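All remarks here apply to the structure that follows.
In the numbering used here, the protein residues as written are 5 to 117.
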């Protein structure tokens, strides 16, 4: 069993308030699903066997958060907006943007090179 713990004091969140805690987790059916929780504690523990977690986000309730990932050779590779809507940016072999995909991996915009 794998266990991961987060102590808010270690990351500078010493004040008492409610937080939105969300992350993508791969379930036993190999599908990534968004998990969301509201917490008002000073630490969080995620435990289980065979659990994979991606993009853990923690922020105060009533605030908005955007997340971006970058490849230094290409540019932005994904973005997540405050609604947890993910966009993936696909590049060709010479680094040109060719497509944008949504949460379901559907191409929502295609750029012809």
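Idealized CB from N, CA, C, for every residue including glycine. Only a predicted model underlies this, so the values are computations on that prediction, with no experimental measurement involved.
Its chain contains 37 as the residues whose beta carbon lies nearer than 7 Å to that of residue 31, once the 5 sequence neighbours on both sides are disregarded; these appear in chain order.
The continuous beta strand (DSSP E) containing residue 63 extends over residues 56-64. Residue 113: member of the beta strand (DSSP E) spanning 111-114, first to last residue. Ranked by Cα distance from residue 78, the options 87, 94, 85 are led by 94.
In the structure shown, the three-state DSSP call for residue 78 is coil. Distance check between residue 100 and each of 111, 86, 80 places 80 closest, using alpha-carbon atoms only. Taking residue 44 as the centre and dropping the five residues before and after it, the same chain places the C-beta of 22 closer than 6 Å to its C-beta, in chain order. Residue burial annotation: residue 26 is buried, with at least 16 other C-beta atoms found within 10 angstroms of its C-beta.
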